[in-house]
Amino acid sequence: MLFNSYAFLLVFLPVAIVVYRFADPYPRLRMPVLVALSLVFYGYWDVRFLPLLAGSILINWLAAKYYLATRRGVVVTAAIAANLLVLGVFKYLNFFAETLASLSGAAFGPFALALPLGISFFTFHHIMYLVDLRKGKAPEYALDRYAMYIAFFPQAIAGPIARWSEVMQQFGRQVYAPGWQRQFALGATFIVLGLIQKILLADPIGHLIDPVYAQAKLGPVPAGNSWLALGFGFQILFDFSGYSDIAIGLGLLFGVRLPYNFDAPLRSSSVQDLWQRWHMTLMAFLRDYLFHPLANARIGRRHRLLQHFAALILTMALCGLWHGASWTFVLWGTLHGCALVIVSLWRRYGWPLPFLLGWAMTVVFALLSAVIFRAGTLEAAWRIYQGLASLPDWGAVSGARPIFLAALVAFLLPATQDIVAWLNARPRAVIAAALGLAAVALLVELGDQDAYEFVYFQF
Amino acid sequence: MSSSTSSSDAPGAETDALVWGRWLAAFLGALALGAAAIFALVLAVDPYDSGRFGILGIEGVYDESPRTANASRARDPQFDSALFGNSTGQLLKPSELSRLTGARFVQLTVPGTGPREQLAIMDFFLRHHPRPGAIVLVTDASWCQRDPALPLQHPFPFWLYGESTLDYAGRLFSSRALGRTWRRVLLAMGLRQRSAPDGYWDYEAKGPGEFAPPIAAQNDAAPASGPVSESFPGVTLLGDALKKLPADVPVVLAMPPTFSSMLPRAGSAAKAEEDACKAALRRVIAGRPRSNFIDYRVDNALTRDRANFMDFGHYRAIIARRMEQGIAESIKSGDKARIEF
Chain A
1207 MLFNSYAFLL VFLPVAIVVY RFADPYPRLR MPVLVALSLV FYGYWDVRFL PLLAGSILIN
1267 WLAAKYYLAT RRGVVVTAAI AANLLVLGVF KYLNFFAETL ASLSGAAFGP FALALPLGIS
1327 FFTFHHIMYL VDLRKGKAPE YALDRYAMYI AFFPQAIAGP IARWSEVMQQ FGRQVYAPGW
1387 QRQFALGATF IVLGLIQKIL LADPIGHLID PVYAQAKLGP VPAGNSWLAL GFGFQILFDF
1447 SGYSDIAIGL GLLFGVRLPY NFDAPLRSSS VQDLWQRWHM TLMAFLRDYL FHPLANARIG
1507 RRHRLLQHFA ALILTMALCG LWHGASWTFV LWGTLHGCAL VIVSLWRRYG WPLPFLLGWA
1567 MTVVFALLSA VIFRAGTLEA AWRIYQGLAS LPDWGAVSGA RPIFLAALVA FLLPATQDIV
1627 AWLNARPRAV IAAALGLAAV ALLVELGDQD AYEFVYFQF
Chain B
1174 MSSSTSSSDA PGAETDALVW GRWLAAFLGA LALGAAAIFA LVLAVDPYDS GRFGILGIEG
1234 VYDESPRTAN ASRARDPQFD SALFGNSTGQ LLKPSELSRL TGARFVQLTV PGTGPREQLA
1294 IMDFFLRHHP RPGAIVLVTD ASWCQRDPAL PLQHPFPFWL YGESTLDYAG RLFSSRALGR
1354 TWRRVLLAMG LRQRSAPDGY WDYEAKGPGE FAPPIAAQND AAPASGPVSE SFPGVTLLGD
1414 ALKKLPADVP VVLAMPPTFS SMLPRAGSAA KAEEDACKAA LRRVIAGRPR SNFIDYRVDN
1474 ALTRDRANFM DFGHYRAIIA RRMEQGIAES IKSGDKARIE F
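Chain order of the listed sequences is A and B. Going by this note's numbering, the first residue of the first sequence is number 1207, and it counts up by one from there. Going by this note's numbering, the first residue of the second sequence is number 1174, and it counts up by one from there.
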């Protein structure tokens, strides 16, 4: 069930809160109850993949236990390889088969495989733990705690990608301890602000630009409409930032502080800055578990800078591929990798850019490159770019209010966590009542629309 | 978490619990009261005038969309007979049919609909008029689909016409329902005019129409091969629906005309398919008194003249007036009616 659905907001969430309230006084029950609720949540999406999730938890936990008993590194290596293999089969088999077919001329696939929800996210969670286990940084955990780490429903489907060290000790703590009212107030504020981003900012842009991208797949985009397609950068920002904020709010309702994922990224002054503020938990994972090993590998001392840049581009290309099994994602990631290299070189050899110039270049690059991310094929992306040669169709632009509104919010407002802190600097009933009424308005709005899935679920 | 959202500056844990407890009470209170107020308003007004709720006695709706407005019309006691179909029936005037037959007709066609939607509206009408004067259904090509799923072209509010009050109530908490509620309030205050109670609106007024893109007659090239089944999922559903009608209620099925170039060629598979569908439709009303299947989907001088059509599939008023006469004659004389077309 989607976070932005009646089934979740009016049924699952209230039931989960009440059920957990009864379990909370009993320390032994806390984690098993939350794991059970999380499995119900996951199973509601697609019950076929419940055994995959449960099996994945059990096998990785057993591998960790076996490794600690024997200290045989090959166990961890095999477990990581198995995780990547499962991800590869479900997510990339058809992509590799298609690529191989186009290179060799032979026919492979396509194979009828459905993508298990959240597999990209829980695979990373396993890898983070296993790598740190072998380094001696991570301790052994009981099965219920490890299951919580992987399946905790607020973040199981699309993150934030929490490190084991950030959340493990929080699981199983008493939620209804002194101060819980404040945590709930913060949680409710995060959820309402997340729903506002999703329902009022992201979804209206989707309604506006989906036909433009659909047209781009079929043929040339009518003159001027391509400009609307640039709105995708704002749509995916508020779609995913909204989702992350709802997840963070839900975490607080169950006593877990999940890490922040966005920090007003479209106010960045460079691409480097952008990637420190956009999908922050993914970037932290990629930095620590991919980029650093690549950049620090002992390949040769003479070309350290070159190795550093190559690692940067490769990391971002793989970041693109993680988003989807398509060469357009790889291209998008590679472009961002190259941009990061250019910014890095500029910092070294260029002169300081005025903030506004750096900001404008960053936003333009982010919006233009997002077209490749969304278009699905290079041909469709190219048609959108060609359409930008014509001036905007003012008739279409006048209907583009959702994009302008989202742009204003993205450029002018601080990150959600700062807004939440400001709204709740001290308890004010008037703020609480306003948020309650906003929640009513959002529920009314939800009553109509066919709930759009969060864009990030497909990754 | 930044420190500003993770620690408390309140002087003591008890005060902290109290003030943040009040915060939560204000949040949940506003949520509950706001939701209750909205729900009470929509229940009091009954935004679609479906007859399930509503205590303010507002008559009719101010709603341009027949998809939703027809619920109000279908339960209106001033009518006893109804006309169903999609845009290919919209130009038929209920007032003309009433004048010619003496029955009291309401127009319940909805553009862009097929069998499932039209049968849902018919069912709703019959629940409010168990002994109707007459039923007229404009059966265009959508009734001749073979797909048992009878896929919808556009979303349709089945919950509005269904039997479940709970389903209906569940749909009232929405911005669309709130919009309709506001419109009915304006109606009650005399600030807006009620949409036509008999459901007629001039389909020709929506624009000049155009004969584009040029669509070739379906499957025309393929020659007929062997007998064609007369089992059409839509027609089967219609047969089941008509069985629930009192046996003496006249039913007229009218297959609407299209521009002649759209007709399949003799001997083609498409022609055999169309003939099978017509035979199936004829069969569902066979034996019913004062009932008839009228085939206007023919090649003649009227259907060869572009001036009589807005586009390939939609006839103009001149043809609508002829059809009204044929339908009225059928309600009087059944399949013995003299149809001039």
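Where is the CB? At the ideal position from N, CA and C, for every residue including glycine.
Can you pull the chain B residues whose beta carbon is under 8 Å from the beta carbon of residue i, in chain order?
i	result
Phe1390(A)	Trp1193 and Leu1197
Leu1649(A)	Ala1208 and Phe1346
Pro1633(A)	Val1192, Trp1193, Arg1195 and Trp1196
Are any of the Cβ atoms in chain A nearer than 7 Å to that of residue i?
i	result
Ser1433(B)	no
Phe1200(B)	yes
Arg1246(B)	no
Arg1349(B)	yes
Ala1162(B)	It is not possible to answer for residue 1162(B), since the shown part of chain B is limited to 1174 through 1514.
Ala1342(B)	no
Ala1190(B)	yes
Asn1392(B)	For Asn1392(B), the predicted structure reports a pLDDT of 47, less than 50, and the residue's modelled location is therefore unreliable. A value from the coordinates is still provided. False, the Cβ-Cβ gap to chain A never drops below 7 Å.
For chain B, find out if any of its Cβ atoms is closer than 7 Å to the Cβ of residue i; answer yes or no.
i	result
Pro1384(A)	yes
Gly1642(A)	yes
Arg1607(A)	no
Ala1260(A)	no
Ala1671(A)	With chain A running from 1207 to 1665 in the structure shown, residue 1671(A) is simply not present.
Gln1387(A)	yes
Asp1230(A)	no
Pro1220(A)	no
Asp1451(A)	no
Asp1654(A)	yes
Ala1394(A)	yes
Phe1209(A)	no
Could you list which residues in chain B have their beta carbon closer than 7 Å to that of residue i, in chain order?
i	result
Val1646(A)	Leu1204, Gly1207, Ala1208 and Ile1211
Check the DSSP bridge columns for residue i and list the partner residues they point to.
i	result
Met1428(B)	Asp1468(B)
Phe1346(B)	In the DSSP output, where bridge partners are listed per residue, Phe1346(B) has none listed.
Phe1257(B)	Leu1310(B)
Val1279(B)	Ala1255(B)
Pro1305(B)	Per DSSP, none; premise fails for Pro1305(B).
Phe1482(B)	Tyr1488(B)
Ser1396(B)	The sequence as given places Pro at residue 1396(B); Ser does not occur at that position. Pro1396(B) is bridged to Ser1441(B).
Which bits of chain B does residue i rub up against, with CB to CB less than 9 Å?
i	result
Gly1425(A)	Neighbours of Gly1425(A) on chain B: none; closest Cβ ~15 Å, over 9 Å.
So residue i packs on residue j, CB below 8 Å; how close in whole Å?
i	j	result
Leu1351(B)	Ile1211(B)	7 Å
Asp1253(B)	Arg1277(B)	5 Å
Val1626(A)	Leu1392(A)	6 Å
Thr1282(B)	Ala1501(B)	About 17 Å; that fails the 8 Å criterion.
Any heavy atom of the ligand HEM within a distance shorter than 6 Å of the CB on residue i?
i	result
Tyr1495(A)	The ligand HEM is not part of this structure, which contains no ligands at all.
Does the count of Cβ pairs from the stretch 1364-1375 of chain A and the stretch 1215-1232 of chain A closer than 8 Å reach three? no
- Are there three or more Cβ pairs, one per stretch, closer than 8 Å when the stretch 1434-1446 of chain A is compared with the stretch 1407-1423 of chain A? yes
Practice task
Check whether the stretch 1484-1501 of chain B touches the stretch 1445-1459 of chain B, taking contact to mean three or more Cβ pairs, one atom from each stretch, closer than 8 Å.
Solution key: no
**Asked** Are the stretch 1423-1435 of chain B and the stretch 1301-1313 of chain B touching by the rule of at least three beta carbon pairs closer than 8 Å?
**Response** The stretch 1301-1313 of chain B and the stretch 1423-1435 of chain B touch, with three or more beta-carbon pairs separated by less than 8 Å.
| task | State whether the stretch 1415-1430 of chain A contacts the stretch 1384-1395 of chain A, with contact taken as three or more CB pairs (one from each stretch) at a distance under 8 Å. | result | no
Exercise. Taking contact to mean at least 3 C-beta pairs separated by less than 8 Å, is the stretch 1483-1491 of chain A in contact with the stretch 1638-1646 of chain A?
Worked result: no
So, does the stretch 1521-1541 of chain A touch the stretch 1571-1587 of chain A, judging by three or more C-beta pairs under 8 Å? yes
Under 8 Å: do the stretch 1270-1285 of chain A and the stretch 1326-1344 of chain A share three or more Cβ pairs, one atom per stretch?
yes
With three or more beta-carbon pairs closer than 8 Å as the criterion, would you say the stretch 1248-1256 of chain A touches the stretch 1320-1329 of chain A? yes
| query | Looking at C-beta atoms only, is the number of pairs between the stretch 1421-1433 of chain A and the stretch 1338-1355 of chain A that lie closer than 8 Å three or more? | reply | No, they do not touch.
Exercise. Decide if the stretch 1589-1601 of chain A is in contact with the stretch 1535-1543 of chain A; the criterion is three or more beta carbon pairs, one per stretch, under 8 Å apart.
Key: no
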